[in-house]
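Counting from 1, position 388 in the sequence shown corresponds to residue 567 in our numbering; the numbering is continuous, with no gaps.
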Amino acid sequence: MTANRLIALDPCIPQKALSISLQASLNLHTLLKLKARHEHHEAFNFKRSTTMNRSLTCMRCRTLRPPRPRATPVRNFAANKRPSVAPKPIIDIKDIRQNPELYEFTCKERNYKAQAQHPAKIIQLHSQWQDLQEQGRSLRERSNLLRKFLADAATSSGGDGMISIQGMSRDQVQEEARQLKGRLSVIEKGEAEAVAEMEALALEIPNLTSENTPLGDEPRLLSYINEAPEFDKAHDSPSWRSHVHIGSELGLFDFSGAAAASGWGWYYLLGEAAQLEQALVQYALAVATRHGWTQVAPPTMVYSHIGAACGFQPRDQHGEQQVYSIAQSQADVERGVPEMCLAGTSEISLAGMKANTTIDAGDLPLKRVAVSRCYRAEAGARGADTKGLYRVHEFTKVEMFAWTAPDERDAEDVHEEMLDIQTEILQSLDLYCRVLEMPATDLGASATRKVDIEAWFPSRQQNNEGWGELTSSSMCTSYQTRRLATRTRVDGKMTFPWTCNGTALAVPRVIAALLENGWDEETGTVAIPKVLQPWMDGKERIGRIGKQRNAREVTFRAKDGSEYKR
Numbered sequence: 180m181t182a183n184r185l186i187a188l189d190p191c192i193p194q195k196a197l198s199i200s201l202q203a204s205l206n207l208h209t210l211l212k213l214k215a216r217h218e219h220h221e222a223f224n225f226k227r228s229t230t231m232n233r234s235l236t237c238m239r240c241r242t243l244r245p246p247r248p249r250a251t252p253v254r255n256f257a258a259n260k261r262p263s264v265a266p267k268p269i270i271d272i273k274d275i276r277q278n279p280e281l282y283e284f285t286c287k288e289r290n291y292k293a294q295a296q297h298p299a300k301i302i303q304l305h306s307q308w309q310d311l312q313e314q315g316r317s318l319r320e321r322s323n324l325l326r327k328f329l330a331d332a333a334t335s336s337g338g339d340g341m342i343s344i345q346g347m348s349r350d351q352v353q354e355e356a357r358q359l360k361g362r363l364s365v366i367e368k369g370e371a372e373a374v375a376e377m378e379a380l381a382l383e384i385p386n387l388t389s390e391n392t393p394l395g396d397e398p399r400l401l402s403y404i405n406e407a408p409e410f411d412k413a414h415d416s417p418s419w420r421s422h423v424h425i426g427s428e429l430g431l432f433d434f435s436g437a438a439a440a441s442g443w444g445w446y447y448l449l450g451e452a453a454q455l456e457q458a459l460v461q462y463a464l465a466v467a468t469r470h471g472w473t474q475v476a477p478p479t480m481v482y483s484h485i486g487a488a489c490g491f492q493p494r495d496q497h498g499e500q501q502v503y504s505i506a507q508s509q510a511d512v513e514r515g516v517p518e519m520c521l522a523g524t525s526e527i528s529l530a531g532m533k534a535n536t537t538i539d540a541g542d543l544p545l546k547r548v549a550v551s552r553c554y555r556a557e558a559g560a561r562g563a564d565t566k567g568l569y570r571v572h573e574f575t576k577v578e579m580f581a582w583t584a585p586d587e588r589d590a591e592d593v594h595e596e597m598l599d600i601q602t603e604i605l606q607s608l609d610l611y612c613r614v615l616e617m618p619a620t621d622l623g624a625s626a627t628r629k630v631d632i633e634a635w636f637p638s639r640q641q642n643n644e645g646w647g648e649l650t651s652s653s654m655c656t657s658y659q660t661r662r663l664a665t666r667t668r669v670d671g672k673m674t675f676p677w678t679c680n681g682t683a684l685a686v687p688r689v690i691a692a693l694l695e696n697g698w699d700e701e702t703g704t705v706a707i708p709k710v711l712q713p714w715m716d717g718k719e720r721i722g723r724i725g726k727q728r729n730a731r732e733v734t735f736r737a738k739d740g741s742e743y744k745r
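Next up, the structure:
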């Protein structure tokens with residue numbers, strides 16, 4: 180009886196067995212055993228799967244013995260291996276081994292306490308790996324001699340190792356060869372595990388800190404932008420109010436509607452506020468484009484491994500959630516579909532453009548500017564400091580990103596150009612700002628140096644003396660390109676370009692700063708900077724010009740105890 184004939188007679192034999200029999204002449208004895216399991220069943224008491232590569236289900240067996248439930252897959256270490264589509268990181272582990280104290284100091288000064296132990300662990304793992312390499316080398320030499328002897332025992336001669344083998348029987352040689360193969364398999368597995376663990380530890384270590392970066396937690400003041408407002412008046416007058424109050428009075432925001440639709444940390448921009456957002460975006464893009472930056476419309480959803488390669492982990496070193504991850508179906512998990520997340524900044528999607536790519540050195544610096552929606556899970560605890568538009572879960576941002584030659588001077592030139600663009604934008608918006616060289620404790624994992632520009636917010640006088648961050652710009656050396664396998668060739672040698680990134684304009688905070696600093700209590704309006712007026716239909720002010728303001732009077736109490744109404 181042929182295998183195909185047997186399966187045709189008994190449809191309870193799995194379709195998988197049929198496939199094997201057709202492809203590789205399945206052993207007839209195996210098929211007979213399968214048939215014996217179902218010989219007491221009616222021949223056609225079965226249900227055929229609609230998918231050809233699935234089994235034929237015996238209905239009697241299903242009745243007598245329910246199918247084993249499928250367990251929900253658990254994402255363990257093995258399941259979280261790098262996806263096949265992910266770029267392979269090329270980390271300079273040798274430099275970490277040779278300078279463990281430097282990397283340990285970097286981790287400690289940035290408050291990466293757990294990672295501070297990684298350099299020592301890497302050295303220990305490297306020593307273990309070397310021992311395994313030596314053991315494996317010795318076993319391979321012995322294995323080669325055994326194979327040579329088995330291939331031609333008559334002509335094999337020379338060396339103490341071969342002499343010892345010649346005194347063995349062929350069966351003894353074969354047995355030793357089998358044992359060596361098993362021992363080598365264990366050693367090779369240990370080698371691979373040691374290399375993987377060293378790489379995983381190295382990936383968690385932050386970038387080395389620039390000499391320009393202040394140690395500790397205090398920034399260094401570099402300069403101011405625009406003239407300071409009259410601080411005494413601002414402190415004494417209750418008319419300097421929060422952008423939340425101003426926007427609510429002018430009908431520019433809807434926070435309650437956003438809370439009902441999305442929750443705390445989201446917002447609606449209405450009317451002139453929505454128009455102001457578009458004006459700010461177009462103006463920032465125009466300035467960057469004039470300086471030679473090419474516009475890009477990037478995706479806002481990216482692979483999680485791309486975000487991690489850029490230094491954005493799902494949780495920070497304190498365990499706080501930073502990234503919105505996209506939920507996966509069980510089927511996607513089983514198939515190994517790469518996880519995705521919402522980008523917290525277009526820096527991630529821009530950097531990912533050149534993953535697994537070699538950039539022509541003649542194209543460097545490669546400068547890009549993009550506008551995108553950004554998503555941040557860590558909007559902060561509720562309170563006056565985070566109220567309104569200052570810290571939200573979703574916002575529009577114009578971002579600059581550049582690849583430079585792997586040279587500090589070239590990278591600094593691009594970084595300075597970013598600062599010039601940021602300064603030009605904020606100066607033309609008539610915002611009083613200060614430029615700060617940020618300390619090591621404020622740097623992200625990828626940055627070697629970071630410069631922030633903060634604007635003065637009248638409503639934030641009790642917090643950081645009224646200053647609030649508007650933009651930042653960072654130099655990241657080869658931290659991101661090594662993790663994204665982005666290369667360039669310099670003088671015939673393959674190396675890694677450096678990256679820089681900077682915020683051209685973060686819309687919500689700039690709107691908040693414009694409302695608070697441009698508010699006129701007497702007219703109940705907000706001044707629109709001249710550079711934005713072409714995108715605001717030529718309007719010079721936002722507010723109820725020429726119209727009766729809210730007739731409801733509210734009583735306020737000043738610090739000196741006096742009351743006033745408005």
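Note that beta-carbon positions come from the ideal geometry of N, C-alpha and C, so glycine has one too. Quick caveat: nothing in here was measured; it's all calculated off a predicted structure.
C-alpha distance - residue i paired with residue j, whole-angstrom precision
{"i": "Ile384", "j": "Ala534", "result": "20 Å"}
{"i": "Asp274", "j": "Ala381", "result": "10 Å"}
{"i": "Ser421", "j": "Gln454", "result": "20 Å"}
{"i": "Trp646", "j": "Leu529", "result": "30 Å"}
{"i": "Met480", "j": "Tyr554", "result": "10 Å"}
{"i": "Gly623", "j": "Pro262", "result": "25 Å"}
{"i": "Gly436", "j": "Pro478", "result": "27 Å"}
{"i": "Thr650", "j": "Ile632", "result": "5 Å"}
{"i": "Lys546", "j": "Asp699", "result": "40 Å"}
{"i": "Ala257", "j": "Ala488", "result": "Model confidence at Ala257 stands at a pLDDT of 33, short of 50, so the residue's coordinates are unreliable and nothing is read from them."}
{"i": "Glu596", "j": "Tyr403", "result": "17 Å"}
{"i": "Arg289", "j": "Thr524", "result": "22 Å"}
{"i": "Gly567", "j": "Lys718", "result": "25 Å"}
{"i": "Leu433", "j": "Arg688", "result": "The identity of residue 433 in the sequence shown is Asp, whereas the question assumes Leu. Approximately 16 Å, taken between the alpha carbons."}
{"i": "Arg666", "j": "Met532", "result": "12 Å"}
{"i": "Glu313", "j": "Val512", "result": "39 Å"}
9 Å Cβ cutoff met for residue i and residue j
{"i": "Glu616", "j": "Leu387", "result": "no"}
{"i": "Leu359", "j": "Arg316", "result": "no"}
{"i": "Lys287", "j": "Ala299", "result": "no"}
{"i": "Ala590", "j": "Leu610", "result": "no"}
{"i": "Ile485", "j": "Ile538", "result": "no"}
{"i": "Val475", "j": "Val593", "result": "no"}
{"i": "Ser625", "j": "Gly490", "result": "yes"}
{"i": "Val710", "j": "Leu608", "result": "yes"}
{"i": "Ile269", "j": "Ala664", "result": "yes"}
{"i": "Glu603", "j": "Val466", "result": "yes"}
{"i": "Ala407", "j": "Leu431", "result": "no"}
{"i": "Ala540", "j": "Gly395", "result": "no"}
{"i": "Ser441", "j": "His572", "result": "yes"}
{"i": "Glu354", "j": "Ile272", "result": "no"}
{"i": "Leu448", "j": "Ile690", "result": "yes"}
First through last residue of the beta strand (DSSP E) which encompasses residue i
{"i": "Trp746", "result": "The requested residue 746 does not occur in the structure, where the chain is confined to residues 180 to 745."}
{"i": "Ala634", "result": "Arg628 to Trp635"}
{"i": "Trp714", "result": "Element bounds for Trp714: n/a, residue is neither H nor E."}
{"i": "Ser652", "result": "Trp646 to Met654"}
{"i": "Thr583", "result": "Glu573 to Thr583"}
{"i": "Leu404", "result": "Sequence check: residue 404 is Ile here, not Leu. Taken as a continuous stretch (DSSP letters only), the beta strand (DSSP E) holding Ile404 covers Arg399 to Ile404."}
Cutoff 7 Å; reference residue i; Cβ partners in own chain excluding five residues on either side
{"i": "Trp714", "result": "Gln457, Ala458, Gln461 and Tyr462"}
{"i": "Val686", "result": "Glu456, Leu459, Val460, Phe574, Thr575 and Lys576"}
{"i": "Glu283", "result": "Ala295 and Pro298"}
{"i": "Asn405", "result": "Gln606, Asp609, Leu610, Tyr611 and Cys612"}
{"i": "Glu503", "result": "Note that residue 503 is Tyr in the sequence shown, not Glu. Around Tyr503: Cys520, Leu521, Tyr554 and Ala556."}
Same chain, Cβ closer than 8 Å to residue i, neighbours up to 5 away in sequence not counted
{"i": "Ala203", "result": "Caution applies to Ala203, whose pLDDT of 38 falls short of 50 and renders its modelled position unreliable; the model cannot decide the point."}
{"i": "Val705", "result": "Ile425, Leu429, Leu693, Leu694, Gly697, Trp698, Asp699, Arg720, Ile721 and Gly722"}
{"i": "Gly703", "result": "Glu428, Leu429, Gly722, Arg723 and Arg728"}
{"i": "Leu363", "result": "Gly315, Leu318, Arg319 and Ser322"}
{"i": "Leu311", "result": "Ile366, Gly369, Glu370 and Ala373"}
Other residues of its chain near residue i: CB distance less than 6 Å, five sequence neighbours each side excluded
{"i": "Thr242", "result": "Summary for Thr242: the model assigns pLDDT 40, below 50, so the residue's position carries little reliability; its value from the coordinates is reported in the next sentence. Cβ neighbours of Thr242 beyond the five flanking positions: none."}
{"i": "Val550", "result": "Val460 and Val577"}
{"i": "Glu376", "result": "Leu304"}
{"i": "Asn680", "result": "Glu526, Phe580 and Ser653"}
Residue span of the alpha helix (DSSP H) that contains residue i, given as start and end
{"i": "Tyr658", "result": "Tyr658 to Leu663"}
{"i": "Arg349", "result": "Arg349 to Glu383"}
{"i": "Phe491", "result": "Note, Phe491: premise wrong, no alpha helix (DSSP H); not H, not E."}
{"i": "Ile425", "result": "His422 to Glu428"}
At a cut of 8 Å, does the segment 573 to 581 reach the segment 363 to 377 through at least three beta carbon pairs?
no
Within 8 Å, do at least three Cβ pairs link the segment 688 to 695 to the segment 622 to 638?
yes
Answer yes if the segment 579 to 596 comes into contact with the segment 675 to 693, meaning at least three C-beta pairs across the two stretches below 8 Å, and no otherwise.
yes
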